[in-house]
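Numbering-wise, the sequence shown is residues 1 to 176 according to UniProt numbering. Have a look at the structure below, then the notes.
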Amino acid sequence: MVTLTRRRLLTGTAGLLVAGVLHNLLPLSSAFAAPPLASAVNMPKHFLTLSTQLTGIEQPDALLSQRLYSWLYQQFPQLDQQIDQLAALLNQQQDSNGAALLSLLASQPEPLRELYQALVSGWYLGVVGQSKPECIAFENIVSYALLRDSLTPPSYAPGEPNFWTQPPHKETGKNV
């Protein structure tokens, strides 16, 4: 058993005081903080229009769209102009899909190809970035939304996503 002496009390108090002062002086908490999400107000409407065109989903997930746009905004300096260019390119070639669309994109400037790849990867896989991949979503990605009726995301959990948020079913007490 440890006895509390005056020396231990003073040492512990001084240690806590120093830790509190250092915590306030050093911006460690902000160094590990996630970058702020782009608010829905800052996210341009043409981003959601292009996302709808790429995914085929009328109302893309709001949180995923904020995370994706926030990541893209940090990576692409002229994001809004590139989104407009990509949307115009896709509107010109509406009947192109698959190999024809990929060959069309291959003839475009590299930043435009990278934006297309980042958009598709972010929406369908929830992972962005090629040199340093970053997961921005899991359960609300487009590939799961399209198959939601028949397939649930792989997991070690025994139920569907967020099953623990629902109250459990009451047992009747009868052995079946």
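The beta carbon of each residue, even a glycine, is placed where N, CA and C say it ideally should be. Keep in mind that this is a model prediction, so the values were computed, not measured.
| field | Three-state secondary structure (DSSP) of Val127 | value | Strand, per DSSP.
| said: Tell me which residues share the same chain as Cys135 and place their Cβ nearer than 8 Å to its Cβ, disregarding the 5 neighbours each side in the sequence. | reply: Gly126 and Val127, listed in sequence order.
| field | Integer-rounded CB distance, given that Leu86 should sit under 8 Å from Leu112 | value | The C-beta distance from Leu112 to Leu86 rounds to 6 Å, short enough to meet the 8 Å contact threshold.
| Between the region 44-60 and the region 86-95, are three or more C-beta pairs nearer than 8 Å? | Yes: the two stretches touch, three or more of their Cβ pairs being nearer than 8 Å.
| task | Specify, as a first and last residue, the run of the alpha helix (DSSP H) that Gln93 falls within. | result | Where Gln93 is concerned, there is no enclosing alpha helix (DSSP H), given that its DSSP letter is neither H nor E.
| Local conformation of Glu160 per DSSP, three classes | In this structure, Glu160 counts as coil in the three-state DSSP scheme.
| query | Taking the alpha-carbon positions, what's the Ser121 to Gly129 distance? | reply | Distance between the alpha carbons of Ser121 and Gly129: 9 Å.
| To which residues does DSSP link Glu134 through a beta bridge? | DSSP lists Val128 as partners of Glu134.
| message | Using 8 Å for Cβ pairs, my map puts Ile141 next to Trp164. What's the rounded Cβ distance? | response | That belief does not hold up - the Cβ atoms of Ile141 and Trp164 are roughly 20 Å apart, past 8 Å.
| Hey, Pro109 and Asp80 are a contact pair by Cβ (cut 8 Å); roughly how many whole angstroms apart? | Not quite, the Cβ-Cβ distance comes to about 16 Å (not below 8 Å), so this is no contact.
| message | For Gln82 and Leu115, which I take to be in contact (beta-carbon distance under 8 Å), what is that distance rounded to the nearest angstrom? | response | Rounded, the Cβ-Cβ distance is 5 Å, consistent with contact.
| In three-state terms, what does DSSP make of Gln66? | Gln66 falls in the helix class under three-state DSSP.
| task | Determine the DSSP secondary structure at Asp80, reduced to helix, strand or coil. | result | In this structure, Asp80 counts as helix in the three-state DSSP scheme.
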